[in-house]
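*Asks:* Take this structure first; my questions come after.
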Amino acid sequence: MRQDIVLQGGPGESYLRSGQVAEQAGVNLQTLRYYERRGLIAEPARSPGGHRAYPPETVTLLTVIKAAQRLGFTLEEVAELLDTGRRGHPTPDLRERAQAKIAEVEAKIADLTTIRAALVQVVSAGCDSLTHCTCPDCPLPFADLAEGHRAPNAPNAPKES
1 MRQDIVLQGG PGESYLRSGQ VAEQAGVNLQ TLRYYERRGL IAEPARSPGG HRAYPPETVT
61 LLTVIKAAQR LGFTLEEVAE LLDTGRRGHP TPDLRERAQA KIAEVEAKIA DLTTIRAALV
121 QVVSAGCDSL THCTCPDCPL PFADLAEGHR APNAPNAPKE S
């Protein structure tokens with residue numbers, strides 16, 4: 001049930017309480033307050049009873065913030081993008097940042113692909129310990145290091161006689 005707050009001096013304008021905004025935007029109250037403190041959303045007006053009274057657009061703004069975070073933007077980046085948008089003139093900033101974010105995502109995908117390949121080798125080889133693996137041809141490069149042995153090409157490796 002929606003209980004809009006009508007503020008004095010705001011004829012016909014409806015506002016939402018904190019809990020309503022949080023629920024509709026899919027965030028918790030602490031997140032709502034935190035975004036307020038960070039300046040991502042404006043500090044709300046107060047009802048005659050002292051309750052925070054948010055304009056309905058706050059729900060949309062919170063949804064945009066959460067969507068930007070899911071795309072990998074930090075809250076600081078989101079704040080900068082919102083600030084740029086609030087100035088009301090077009091800017092290539094979002095496009096440039098999105099391109100940079102794509103590069104970050106591609107780098108993470110490459111790293112995760114490498115990690116996955118290494119884990120597949122560990123599973124295939126039947127490794128049973130990080131430090132005392134008994135499988136033949138253990139793919140774990142640090143198993144020998146844990147025993148005090150260094151890889152032959154590692155710095156300070158013992159010289160072969």
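Residue numbers for the sequence shown follow full-length UniProt numbering, beginning at 1 and rising by one.
Virtual Cβ for every residue (Gly too), placed ideally from N, Cα, C.
This structure is a prediction, so every number in the text was calculated from the model and none was measured.
Considering only DSSP beta bridges, list what Arg52 is partnered with.
*Replies:* Partner(s): Arg46.
*Asks:* Does the Cβ of Pro44 have 16 or more other Cβ atoms within 10 Å, making it buried, or fewer, making it exposed?
*Replies:* Under this definition Pro44 is a buried residue.
*Asks:* In the DSSP assignment, find the unbroken alpha helix (DSSP H) run with Gly85 in it and report its ends.
*Replies:* It spans Leu75 to Arg86 - the alpha helix (DSSP H) in which Gly85 sits, taken as one unbroken run.
*Asks:* Kindly indicate which three-state DSSP category Ser124 falls into: helix, strand or coil?
*Replies:* Reduced to three states, the DSSP call for Ser124 is helix.
*Asks:* In this structure, does DSSP put Leu130 in helix, strand or coil?
*Replies:* Of the three classes helix, strand and coil, the one that applies to Leu130 here is coil, per DSSP.
*Asks:* Please state whether DSSP places Leu140 in a helix, a strand or coil.
*Replies:* It is coil, neither helix nor strand.
*Asks:* Going by C-alpha to C-alpha distance, which of Leu75, Ile109 and Ser18 sits closest to Ser47?
*Replies:* Ranking the options by Cα distance to Ser47, first place goes to Ser18.
*Asks:* Cβ of Thr58 within 8 Å of Cβ of Val21?
*Replies:* Yes, Cβ-Cβ distance for Thr58 and Val21 is below 8 Å.
*Asks:* May I ask which residues mark the beginning and end of the alpha helix (DSSP H) holding Ile41?
*Replies:* No alpha helix (DSSP H) holds Ile41; DSSP gives it neither H nor E.
*Asks:* Exposed or buried, Leu130, counting other C-beta atoms within 10 Å across all chains shown (16 or more means buried)?
*Replies:* Exposed, since its Cβ has fewer than 16 Cβ neighbours within 10 Å.
*Asks:* Taking the alpha-carbon positions, what's the Leu140 to Lys66 distance?
*Replies:* Going by the C-alpha atoms only, they are around 39 Å apart.
*Asks:* Could you have a look at Leu16 and say whether DSSP puts it in helix, strand or coil?
*Replies:* Correct three-state label for Leu16: strand.
*Asks:* Just the C-alpha distance for Ala125 and Pro136, rounded to the nearest angstrom, thanks.
*Replies:* Approximately 7 Å between the Cα atoms of the pair.
*Asks:* Given a cut-off of 8 Å, decide if Leu94 and Leu112 are closer than it, judged by their beta-carbon atoms.
*Replies:* Taking 8 Å as the Cβ cut-off, Leu112 and Leu94 do not qualify as a contacting pair.
*Asks:* Name the two residues that bound the continuous alpha helix (DSSP H) containing Val59.
*Replies:* Val59 -> alpha helix (DSSP H) spans Glu57 to Arg70.
*Asks:* Identify, in the order they occur along the chain, each residue of the same chain with its Cβ nearer than 7 Å to the Cβ of Glu77, setting aside the five sequence neighbours on each side.
*Replies:* Once the five neighbours on either side are set aside, the close Cβ partners of Glu77 are Arg97.
*Asks:* Could you give the DSSP three-state label for Val27: helix, strand or coil?
*Replies:* DSSP places Val27 in coil when its eight states are reduced to three.
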